[in-house]
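Engineer: Sending over a structure as structure tokens; questions will come in a sec.
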Amino acid sequence: TFYLPYLHNVTTMLDYLPRSGLLILDNAESIQNRIAELDEQAQEMKERFERDRENPPHLRDAHIGWNRLEPKIQQRRQLNFAGILSAVEGEFDAQLRGGTEQLMPNYSSANAYGGRLRAFVLDCRRALKNRERVVIVTAQARRMAEVLSDESILRDEAIHVSPGTNIQAPPDAGTVTLIQGQLVEGWQSRSLALSVYTDTEIFGWSRRRNALRRKPVTPASFLAEVNPGDYVVHQEHGIGRLEGLVKLNMTGVEREYLLIQYAGTDKLYIPTDQLDRVTRYISMGEAVPALSKLGTTEWTRVKSKVKESVQDIARELLRLYSEREASKGFAFSPDSEQPWLQELEDAFPYEETPDQIRAIEEVKADMERPRPMDRLVCGDVGYGKTEVALRAAFKAVLDQKQVAILVPTTILALQHFNTFKERLEAFPVRVELLSRFRSEKEQKQVLEDLALGKVDIIIGTHRVLQKDVVFLDLGLLVVDEEQRFGVAHKERLKQLRHEIDVLTMTATPIPRTLHMSLVNLRDMSVIETPPQERLPIRTTIREYDEGLIREVILREIDRGGQVFFVHNRVQGIQVIAQKLQRLVPEARFVVGHGQMAEDQLERVMMDFSSGEYDVLISTTIIENGLDIPNANTIIVNNAAYFGLAQLYQLRGRVGRATQQAYSYFLYNKDAKLTQIQEKRLRAIFEATELGAGFRIAMKDLEIRGAGNLLGAEQSGFMNSVGFDLYCKLLAEAVQEVQGKQVETAPAGASVDLPLDSYLPDEYIGDRTLKVNFYQRLANLSRPEQVDAMSAELNDRFGAPPPPVQNLLAMVRLKVEAAALGFEAIALKDNEVILTVRRTIVPNRIALYRRFRNEARVQQGVIRIPRRLFGTNWFEQLRELLPAITMAA
């Protein structure tokens with residue numbers, strides 16, 4: 015950057031604009047102050063680079079400072095918008111001040127109440143008394159009308175305006191006008207004696223509509239992340255070590271194969287069209303598998319043991335499911351009988367994601383059934399689980415039932431309490447918190463009121479499960495992160511599951527394969543779509559650099575945000591804190607780690623979440639559970655010593671708001687990184703896509719989620735066959751115990767024809783990318799998917815050469831053949847050999863018409879001499895297939 019003035023003239027945007035134009039300044043004073051701050055930061059950076067000898071001294075300034083920019087501004091016609099606080103109430107007019115036109119507005123921002131309805135009502139009453147006009151634009155018009163009626167504010171002369179109606183003129187003096195709808199914010203005008211209020215001012219939130227819909231990321235191929243030397247699992251042959259892709263010439267035909275090394279000297283060459291049968295070996299922990307022996311029954315025995323185990327799990331799940339179905343619970347009213355629920359949902363300040371809507375509908379459907387609900391909602395922190403729980407809780411309260419929200423930490427309890435209080439402020443719902451930060455007297459009063467039914471929703475830690483906590487009529491229990499509770503608490507929860515509706519939430523991801531395996535036996539809702547407006551986190555990997563750290567912290571503070579600084583050694587954390595305080599004296603630092611007293615740590619976390627400090631220096635205790643939308647930068651010191659899943663979770667602490675989030679993973683420049691550490695940092699750098707947790711970094715977390723769901727004792731069985739095959743066997747076991755037919759037939763047909771069909775290195779040079787495409791091609795099942803893949807290859811790598819054209823043609827033939835009932839197509843010994851499934855009867859009449867007596871059919875195998883096909887034999891074969899399986 016500092017060398018640019020020597021390459022180009024330093025200019026501003028003003029130099030490119032015509033002199034005759036009008037320059038509009040939005041608060042010139044703020045602009046000048048901001049530029050002065052940037053000047054200071056640039057000078058500081060320049061001095062640091064000179065001090066570190068990265069730049070020679072006395073370089074020219076790389077940007078134009080205020081002293082050079084101001085004369086350029088003064089040369090132009092200006093319209094200067096003053097800040098609203100410095101504006102004087104008057105008419106809309108342009109006043110000449112010091113030779114500069116300034117537009118002075120006759121309105122100001124409306125007062126903000128942040129959910130304090132009592133204060134809002136008092137101001138409305140005062141406005142009506144002074145013959146002023148009040149307009150309220152709210153998503154909860156009916157409820158607001160009830161609130162104002164109760165306070166004798168809304169009289170008969172108050173106007174109700176239906177949605178879509180425009181107000182052409184100011185309303186009558188001394189009236190309240192209610193509009194059902196949404197506005198971004200309100201305003202006041204003394205000259206019009208008019209105040210416009212929206213949900214932003216009244217409740218402290220506003221609805222964001224019409225945001226760009228972001229599709230969930232398609233789970234990436236895990237095999238694509240495998241490098242030579244990594245372990246893989248073949249469904250039929252077992253666990254081997256990947257050697258890589260090799261090109262072989264068989265009988266004059268070139269193809270590529272995946273070479274897998276098994277025990278001893280055994281090797282297996284897997285055709286690329288069978289890569290759908292190979293998965294990456296994933297285990298719990300760092301288990302190193304034994305290689306399978308080819309040509310023995312060892313792999314079959316291992317799979318049999320795992321099958322027995324998963325069948326036990328399936329039977330137990332079926333028993334629990336049957337018991338729950340037989341239990342008698344409370345059937346909550348449908349939404350149509352709960353109009354306030356619709357108002358609450360309309361007032362949700364964000365656009366619900368498709369997954370969130372589905373989860374809400376599934377929870378409601380469970381609650382409306384007469385048996386007790388036991389549903390698990392799974393989704394990353396900030397993906398909208400709390401809103402699902404809130405709507406379920408309100409639904410229960412509307413049917414005169416009490417709700418308990420159980421969370422693992424006091425900080426989470428406080429966060430949930432604030433969320434529930436804010437969202438339910440407009441309704442007659444009492445939300446209370448059982449917390450150590452409340453006095454004994456306050457807690458005692460809450461418990462008394464809870465027993466009398468005066469408290470509708472109680473939020474707390476395991477304190478909620480203690481014997482002195484008595485409910486008048488508990489209808490719903492919401493449990494956040496159940497796996498973080500102790501054995502005794504889990505037993506109590508197990509007992510409650512037979513009596514009331516239970517909604518469990520977890521941020522530990524449940525693998526899609528496992529979720530699908532347990533359909534109809536375990537009620538689960540998975541939220542994997544990121545919220546609207548969520549941006550991928552920008553990730554930087556750098557050597558430890560104090561200048562960079564100062565720059566990063568100041569930039570985040572300048573935009574009103576907060577910073578996590580993670581240092582995972584308690585012994586040196588205070589030294590780091592002192593160093594950072596000297597480095598950035600402008601910032602407010604606080605330290606938190608797991609060896610602190612619990613109440614002291616909670617106080618630190620609460621102070622940070624409430625904005626008392628700018629930077630939290632901590633160990634990995636921030637890895638789970640904290641939701642601080644204002645913290646949008648994280649710096650991880652000595653990142654090379656963290657596990658990949660741990661790095662992914664740490665990075666997930668930021669990026670919860672609509673602002674761009676940043677993560678910095680620092681490593682010691684004097685320490686030589688191992689190959690594994692380099693690979694780990696590279697992986698976290700590459701997995702920046704939203705939802706990219708379905709790649710390797712999240713796989714470890716998913717297995718943790720599987721362990722939470724199925725029990726830790728299953729880890730050995732998962733390790734013996736690999737996680738993906740374990741899930742497949744579990745799915746088959748579930749089908750068996752439900753009395754369903756287990757599909758064992760391969761999904762596609764095998765095609766072996768004498769055509770060079772592969773992806774040349776000159777076409778796709780990256781071997782990992784090539785494996786990715788081979789596996790995707792092997793998984794295609796519809797002709798339109800082949801078309802899409804062909805278009806993608808053409809778009810990314812150019813026109814496909816003959817081997818790629820042949821490969822796509824073979825894949826298309828494989829897809830079409832499978833749909834028509836063929837198992838295999840081959841050309842051997844000058845014969846075309848077609849094998850059909852047992853359920854298919856070949857059309858002998860069609861064969862006779864075409865080939866007379868030269869086509870032979872025996873036990874589902876059709877043999878046709880190669881010479882009976884012309885030079886365009888491949889296309890003729892494609893056209894023949896439908897005729898063979900078509901009824902005569």
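Going by this note's numbering, the first residue of the sequence shown is number 15, and it counts up by one from there.
Ideal Cβ positions, reconstructed from N, Cα and C, are used throughout, including at glycine.
Just grab the DSSP bridge partners of THR520 for me.
Structural biologist: Within the sequence shown, numbered from 1, the residue matching residue 520 stands at position 506. CYS392.
Engineer: Hey, is VAL629 close to the ligand GDP, as in C-beta under 7 Å from one of its heavy atoms?
Structural biologist: The ligand GDP is absent from the structure shown, which contains no ligands of any kind.
Engineer: Of all the options GLU43, MET732, PRO599 and LEU767, which has the alpha carbon lying nearest to the alpha carbon of THR265?
Structural biologist: Start at 1 with the first residue of the sequence shown, and residue 265 comes out as number 251. Nearest option by C-alpha distance: LEU767.
Engineer: On the three-state DSSP scale, how would you describe TYR862?
Structural biologist: The sequence position of residue 862 within the sequence shown is 848, counting from 1. DSSP places TYR862 in helix when its eight states are reduced to three.
Engineer: Would you kindly work out how many angstroms separate the C-alpha atoms of TYR681 and ASP290, rounded to a whole number?
Structural biologist: Residue 681 sits at position 667 when you count from the first residue of the sequence shown. Residue 290 sits at position 276 when you count from the first residue of the sequence shown. Roughly 38 Å separates the two Cα atoms.
Engineer: Quick one: what does DSSP say ARG437 is sitting in, helix, strand or coil?
Structural biologist: Working through the sequence shown from its first residue, we reach residue 437 at position 423. Note: ARG437 maps to helix in three-state DSSP.
Engineer: Starting from ALA418 and walking both ways along the beta strand (DSSP E), at which residues does that stretch end?
Structural biologist: In the sequence shown, counting from the first residue as 1, residue 418 sits at position 404. Run containing ALA418: 416-420, per the beta strand (DSSP E) assignment.
Engineer: Measuring CA to CA, which of VAL421, PHE451, ASN651 and GLU446 is closest to ALA465?
Structural biologist: Translated into positions along the sequence shown, residue 465 becomes position 451. When each option's Cα is compared against that of ALA465, the closest is GLU446.
Engineer: Compare the Cα-Cα distances from GLU351 to each of LYS409, ASP482, ASN886 and GLU456 and report the closest residue.
Structural biologist: The residue you call residue 351 lines up with position 337 of the sequence shown. Looking only at LYS409, ASP482, ASN886 and GLU456, the smallest Cα-Cα distance to GLU351 is reached by LYS409.
Engineer: Rounded to whole angstroms, what is the Cα-Cα separation between TRP201 and GLY398?
Structural biologist: Within the sequence shown, numbered from 1, the residue matching residue 201 stands at position 187. Within the sequence shown, numbered from 1, the residue matching residue 398 stands at position 384. The straight-line gap from Cα to Cα measures roughly 31 Å.
Engineer: Would you kindly work out how many angstroms separate the C-alpha atoms of GLU811 and PRO797, rounded to a whole number?
Structural biologist: If you number the sequence shown from 1, residue 811 lands on position 797. If you number the sequence shown from 1, residue 797 lands on position 783. One point to set straight first is that residue 811 is Phe, not Glu, in the sequence displayed. Cα to Cα, the separation comes out at about 21 Å.
Engineer: Rounded to a whole number of angstroms, what is the C-alpha to C-alpha distance between SER764 and GLN370?
Structural biologist: Indexing the sequence shown from 1 puts residue 764 at position 750. Indexing the sequence shown from 1 puts residue 370 at position 356. Their Cα atoms are separated by approximately 40 Å.
Engineer: Would you list, in sequence order, the uninterrupted beta strand (DSSP E) runs of no fewer than 3 residues that lie entirely inside the stretch 249-330?
Structural biologist: 252-264, 267-275, 281-285 and 292-294
Engineer: Write down the C-beta distance between VAL846 and LEU861 rounded to the nearest angstrom, noting that I regard them as a contact closer than 8 Å.
Structural biologist: Here residue 846 is taken as the residue at index 832 of the sequence shown, counted from 1. Here residue 861 is taken as the residue at index 847 of the sequence shown, counted from 1. Their Cβ separation, rounded to whole angstroms, is 12 Å, which puts VAL846 and LEU861 out of contact at 8 Å.
Engineer: Suppose you measure from the CA of GLN325 to the CA of SER734; what does that come to, to the nearest Å?
Structural biologist: The residue you call residue 325 lines up with position 311 of the sequence shown. The residue you call residue 734 lines up with position 720 of the sequence shown. Cα to Cα, GLN325 sits roughly 16 Å from SER734.
Engineer: With distances taken from CA atoms, which of THR26, LYS842, TYR30 and THR286 is nearest ARG269?
Structural biologist: Locating residue 269 in the sequence shown gives position 255, where the first residue counts as 1. Considering only alpha carbons, the answer is THR286.
Engineer: Shortest alpha-carbon distance to LEU794 belongs to which of ALA823, PRO814 and GLU692?
Structural biologist: Here residue 794 is taken as the residue at index 780 of the sequence shown, counted from 1. Taking only the C-alpha atoms, the option nearest LEU794 is ALA823.
Engineer: Please report the distance separating the alpha-carbon of ALA759 from that of TYR283.
Structural biologist: Locating residue 759 in the sequence shown gives position 745, where the first residue counts as 1. Locating residue 283 in the sequence shown gives position 269, where the first residue counts as 1. For ALA759, the pLDDT reaches just 46, beneath the cut-off of 50, and the residue's location in the model is therefore unreliable, leaving the point undetermined.
Engineer: Within 8 Å, do at least three Cβ pairs link the stretch 444-459 to the stretch 467-483?
Structural biologist: Contact between the stretch 467-483 and the stretch 444-459 is present, because at least three Cβ pairs lie under 8 Å.
Engineer: Looking at the structure shown, is GLN592 part of a helix, part of a strand, or coil, going by DSSP?
Structural biologist: Taking the first residue of the sequence shown as position 1, residue 592 is located at position 578. The answer is helix: DSSP assigns GLN592 an H, G or I state.
Engineer: Compute the beta-carbon to beta-carbon distance between SER677 and ILE636, rounded to the nearest angstrom, for a pair I have assumed lies under 8 Å.
Structural biologist: For the purposes of this step, residue 677 is taken as the residue at position 663 of the sequence shown. For the purposes of this step, residue 636 is taken as the residue at position 622 of the sequence shown. No, SER677 and ILE636 are not in contact; Cβ-Cβ is about 13 Å, not under 8 Å.
Engineer: Report the residue from TYR364, ASP413, SER632 and VAL402 whose alpha carbon sits nearest the alpha carbon of ARG492.
Structural biologist: In the sequence shown, residue 492 corresponds to position 478, counting from 1. One point to set straight first is that residue 492 is Val, not Arg, in the sequence displayed. Of the listed residues, the one whose Cα sits closest to VAL492 is VAL402.
Engineer: In this structure, does DSSP put PRO879 in helix, strand or coil?
Structural biologist: As a working note, residue 879 is residue 865 in the sequence shown. PRO879 falls in the strand class under three-state DSSP.
Engineer: Please work out which residues of its chain come closer than 7 Å, Cβ to Cβ, to GLN3, disregarding the five sequence neighbours upstream and downstream, and give them in chain order.
Structural biologist: As displayed, the chain neither begins before 15 nor continues past 902, which places residue 3 out of reach and without an answer.
Engineer: ASP280 and LYS307 look like a contact to me (Cβ under 8 Å); what is the Cβ gap, rounded to whole Å?
Structural biologist: Residue 280 sits at position 266 when you count from the first residue of the sequence shown. Residue 307 sits at position 293 when you count from the first residue of the sequence shown. So it is a contact: roughly 7 Å between Cβ atoms.
Engineer: Below 6 Å CB to CB, which residues in the same chain sit around MET387 once its five sequence neighbours on both sides are set aside?
Structural biologist: Counted from its first residue, the sequence shown places residue 387 at position 373. Here the set comprises ASP380, MET381 and ASP515.
Engineer: Could you say which of ARG583, GLU565 and GLN614 lies nearest to LEU597 if we only look at CA atoms?
Structural biologist: Here residue 597 corresponds to residue number 583 of the sequence shown, with the count starting at 1. Of the candidates ARG583, GLU565 and GLN614, the one whose C-alpha sits nearest the C-alpha of LEU597 is GLU565.
Engineer: Measure the alpha-carbon distance for LYS468 versus ARG145 and round it to whole angstroms.
Structural biologist: Looking up residue 468 in the sequence shown gives position 454. Looking up residue 145 in the sequence shown gives position 131. Near 39 Å, if we compare the C-alpha coordinates of ARG145 and LYS468.
Engineer: Roughly how many angstroms lie between the CA atoms of THR518 and VAL260, to the nearest whole one?
Structural biologist: Position 504 of the sequence shown, counted from the start, is the residue given in the question as residue 518. Position 246 of the sequence shown, counted from the start, is the residue given in the question as residue 260. In a straight line, the C-alpha of THR518 is about 49 Å away from that of VAL260.
Engineer: If I follow the unbroken alpha helix (DSSP H) through GLY561, where does it start and stop?
Structural biologist: Counting from 1 along the sequence shown, the entry for residue 561 is found at position 547. It spans 560-572 - the alpha helix (DSSP H) in which GLY561 sits, taken as one unbroken run.
Engineer: Is it the case that the stretch 603-613 contacts the stretch 573-592, given that we only count it when at least three CB pairs across the two stretches are under 8 Å?
Structural biologist: yes
Engineer: Pairs of beta-carbons, one from the stretch 424-437 and one from the stretch 560-576, closer than 8 Å: are there three or more?
Structural biologist: Not touching, per the Cβ criterion.
Engineer: What are the boundary residues of the beta strand (DSSP E) that ALA645 is part of?
Structural biologist: By 1-based counting over the sequence shown, the position of residue 645 is 631. ALA645 -> beta strand (DSSP E) spans 645-650.
Engineer: Between ALA361 and ALA153, is the Cβ-Cβ spacing less than 8 Å?
Structural biologist: Within the sequence shown, numbered from 1, the residue matching residue 361 stands at position 347. Within the sequence shown, numbered from 1, the residue matching residue 153 stands at position 139. Yes, the pair counts as a contact, with Cβ atoms nearer than the cut-off.
Engineer: State the beta-bridge partners of VAL402 as determined by DSSP.
Structural biologist: Position 388 of the sequence shown holds residue 402. Looking at the DSSP assignment, VAL402 forms no beta bridge with any residue, so it has no partner.
Engineer: Among ALA440, THR433 and TYR558, which one has its Cα closest to the Cα of ILE472?
Structural biologist: Residue 472 sits at position 458 when you count from the first residue of the sequence shown. It is THR433 whose Cα lies nearest to the Cα of ILE472.
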